[in-house]
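Protein chains in written order, with my numbering: chain W, 1 to 415; chain C, 416 to 830.
All residues carry an ideal CB built from backbone N, CA and C; glycine is no exception.
Structure record follows, encoded as structure tokens.
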């Protein structure tokens, strides 16, 4: 019986392996190249700080290219979510080179943006190209697209489990349906391996481990819960401000290619207002030894309490104006900065609070609490899993059901 | 806006807190008492090995009590799943004392059974009693029942995140719907704390950590994948054999109270056949220094390769005959024993393979891959998360969609 069942499934397993292995290898390689290039353009900007003043010009370039040849690719992550729900005109092949170029320009000139949007869109676009080349049917296209998203997310952060669960969880608020669990997981795993094979490492964040078998600390848990409500509200603020500012740009700057120009000027103004370059770019590499960076938020205690708000403003303006890259790494920064500040105020460990802020604000802004818990465990270890889970769940609950992805569906039925 | 939203939600938050805190405290206390009593009856059996020969008498006792006063409580976990899907006659209060008594009798006389069924049924029954006392509406009853299941599972294994996800994931194959995520998580967390507060510890399993930043080992991953297919097939074997043997008992022993008598005699016969008492009871405590126990499966290399098959037979006979306790800890044992054997054959680390077998067979038999990954990370650390996730997903895929809970639903729609 078992032998017969295995034999019946063998063609399907071989077929999917033949599709997913090369797909994951290509997506992982694209992520590796992107991470390398992102590092290079960021160091170039550090060496030439005046590049920031060309941000409006870079914006014009990105805006014009998307305007002329972008077509549906401008839909970005939302287009991917839509196409997975309901196949339409398809995900264009050009999405991959466009988002790669747009993101590198954004970061070269100091826009405050992320990298997961790029990875996910490259993954989705490469997956769509595979699907067209192999003339897959609609059901298979859907699975391949999800696997591409998982591969992009898993490889860009080095978190394959979170990558797979993210791809399944981001589609509908409040539900994970895992008919595509296996392809998503293996695509994510192989893409992550491919990326590491190219010698690309990922930032390591250290949270002091709890002593094994330590009794739970209700007092600390109370502080975590309080802070997590704040992370959820910060996620809500980020989403709301992003949508409103994008609407405002559309209203007041009717020509799409000019929006990033205006956005670039606003970012430069904000830079003078803040008096620091710490909120430009990705926020992971340090321009100066005492720069506020994502890793520094786990160790330093002298960080201004307003850091999270500054980074939020820089990012919302950059992305709403049409610059590229995605929201997630800036969200990590905002959450970790808010966690750092709240940990200091509440007399709690700053590294733990930076870590829970990091994942909790992501849970709130993307409505993916389970992927966020996996992300936290993969990045910080399961020893703090209880605090990570508490933070993600409370932030998810406090952030409302509207996240940063407007294409995300609400569940249609309860059963 | 935020203040108004928070104010509107405050009564609901306070109401649920007032329900869930005492509920979790009671369920956690019940779990603590049960774990303590389980330990006591197991040691009593170790000191008086002849108690095994009274297993048929113990079986008659359990059978008669369930027959006389059990009513719907005999439905066990399946009744809980049914009542959460579609409220019927309700979960009876008597389920808690009955399952507690039945499980302790089973373990006192050496039946091979688990403890999660007991914890989950006590949790569900206590939750139903709370719901009746507070005259909750149907939608709230459903949430409270799920929270009771989560509290029972989370506190019995000391794994609160897995407890919450299990309660959400076990209902439907292939889907997690988390409208009850928050109550389930907090009930599980608080019940676990309560259980620890009473000084009840949980078994600690040690897997050698991978060196941080280690490159993935495709060769080891290949072995993990191969073994995981075997874990999935073992889960399928366990489920199939359980259902068929239960049917056979129903056919050939029409009087329900006599089934455990026959089952008890079969277990005694099996004990003579195996020539060891290692497969009786829970399998966690060691009767002799060289007993095969769940912790020993992580460290010893001299364990017979057939250990998993023996434990499977002992357990399937015990439970199909109507003894009480649940399947999960024996499943952990079977998976860890099979992992131990396969690790030895494949030249792979025995601790890692015991650990992945432990969670993977559970994932396959209960169709809860995400809860199983969380369980593995909570028990063994996230450093081995990739292997844990691979194992759970492959075992889930290889075990078919029929698990040990016949009340579990297949998803009605894909969207």
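Cα-Cα separation between residue i and residue j, rounded to whole angstroms
i, j, result
"residue 756(C)", "residue 745(C)", "16 Å"
"residue 429(C)", "residue 605(C)", "16 Å"
"residue 406(W)", "residue 222(W)", "33 Å"
"residue 715(C)", "residue 752(C)", "10 Å"
"residue 812(C)", "residue 826(C)", "16 Å"
"residue 17(W)", "residue 186(W)", "9 Å"
"residue 315(W)", "residue 141(W)", "33 Å"
"residue 611(C)", "residue 540(C)", "21 Å"
"residue 205(W)", "residue 295(W)", "6 Å"
"residue 344(W)", "residue 311(W)", "19 Å"
"residue 272(W)", "residue 108(W)", "18 Å"
"residue 663(C)", "residue 657(C)", "10 Å"
"residue 828(C)", "residue 80(W)", "Annotation note: pLDDT 43 at residue 828(C) (below 50); position unreliable, no value reported."
"residue 26(W)", "residue 792(C)", "30 Å"
"residue 476(W)", "residue 164(W)", "Outside the modelled stretch of chain W, which goes from 1 to 415, sits residue 476(W), for which no answer is possible."
"residue 503(C)", "residue 723(C)", "38 Å"
"residue 681(C)", "residue 463(C)", "20 Å"
"residue 782(C)", "residue 732(C)", "22 Å"
"residue 362(W)", "residue 238(W)", "11 Å"
"residue 350(W)", "residue 508(C)", "46 Å"
"residue 587(C)", "residue 170(W)", "19 Å"
"residue 492(C)", "residue 225(W)", "32 Å"
"residue 415(W)", "residue 67(W)", "Annotation note: pLDDT 34 at residue 415(W) (below 50); position unreliable, coordinate value reported separately. Cα to Cα, the separation comes out at about 44 Å."
"residue 332(W)", "residue 104(W)", "20 Å"
"residue 321(W)", "residue 281(W)", "15 Å"
"residue 84(W)", "residue 616(C)", "46 Å"
"residue 245(W)", "residue 512(C)", "59 Å"
"residue 112(W)", "residue 384(W)", "30 Å"
"residue 123(W)", "residue 270(W)", "33 Å"
Contact list for residue i against chain C, beta-carbon separation under 8 Å
i, result
"residue 253(W)", "Correct list: empty, because the minimum Cβ distance to chain C is about 27 Å."
"residue 378(W)", "797 and 800"
"residue 161(W)", "788, 800, 801 and 804"
Distance between beta carbons of residue j and residue i, contact taken as under 8 Å
i, j, result
"residue 44(W)", "residue 183(W)", "Contact doesn't hold; Cβ gap of about 38 Å is too wide."
"residue 355(W)", "residue 380(W)", "5 Å"
"residue 227(W)", "residue 386(W)", "With a Cβ gap of about 14 Å, residue 227(W) and residue 386(W) do not count as contacting."
"residue 702(C)", "residue 529(C)", "About 18 Å; that fails the 8 Å criterion."
"residue 352(W)", "residue 207(W)", "6 Å"
"residue 521(C)", "residue 665(C)", "Rounded, the Cβ-Cβ distance is 19 Å, inconsistent with contact."
"residue 535(C)", "residue 568(C)", "6 Å"
"residue 649(C)", "residue 750(C)", "7 Å"
"residue 180(W)", "residue 168(W)", "6 Å"
"residue 128(W)", "residue 91(W)", "4 Å"
"residue 59(W)", "residue 264(W)", "4 Å"
"residue 575(C)", "residue 552(C)", "Between residue 552(C) and residue 575(C) the Cβ distance is about 27 Å, and since that is not below 8 Å, they are no contact."
"residue 784(C)", "residue 808(C)", "5 Å"
"residue 23(W)", "residue 166(W)", "That pair is no contact at about 17 Å."
One or two residues paired with residue i in a DSSP bridge
i, result
"residue 177(W)", "590(C)"
"residue 132(W)", "DSSP, once it has assigned bridges, lists no residue as partnering residue 132(W)."
"residue 824(C)", "587(C)"
Under 9 Å by beta carbon: chain C residues contacting residue i
i, result
"residue 231(W)", "Near residue 231(W) there are no residues of chain C at all, since even the closest Cβ is about 13 Å away, more than 9 Å."
"residue 348(W)", "Neighbours of residue 348(W) on chain C: none; closest Cβ ~18 Å, over 9 Å."
"residue 181(W)", "589, 784, 785, 808, 811 and 812"
"residue 189(W)", "631, 636, 801, 804 and 805"
Within chain W, partners of residue i - CB distance below 8 Å
i, result
"residue 593(C)", "174, 175, 176, 369 and 370"
"residue 600(C)", "389, 390 and 393"
"residue 731(C)", "Neighbours of residue 731(C) on chain W: none; closest Cβ ~17 Å, over 8 Å."
"residue 608(C)", "216 and 218"
Contacts that residue i makes with chain W (C-beta to C-beta distance below 9 Å)
i, result
"residue 423(C)", "Neighbours of residue 423(C) on chain W: none; closest Cβ ~12 Å, over 9 Å."
"residue 659(C)", "In chain order: nothing, as chain W lies at least about 12 Å away."
**Study point:** Contained alpha helix (DSSP H) runs [length at least 4] in the stretch 58-130 of chain W, N- to C-terminal order
**Key:** 76-85 and 95-108
Point to revise | Any alpha helix (DSSP H) of 4 or more consecutive residues that is wholly inside the stretch 722-770 of chain C | key: 722-735 and 743-761
Point to revise | Every unbroken alpha helix (DSSP H) inside the stretch 352-406 of chain W [4 residues or more] | key: 369-380 and 385-398
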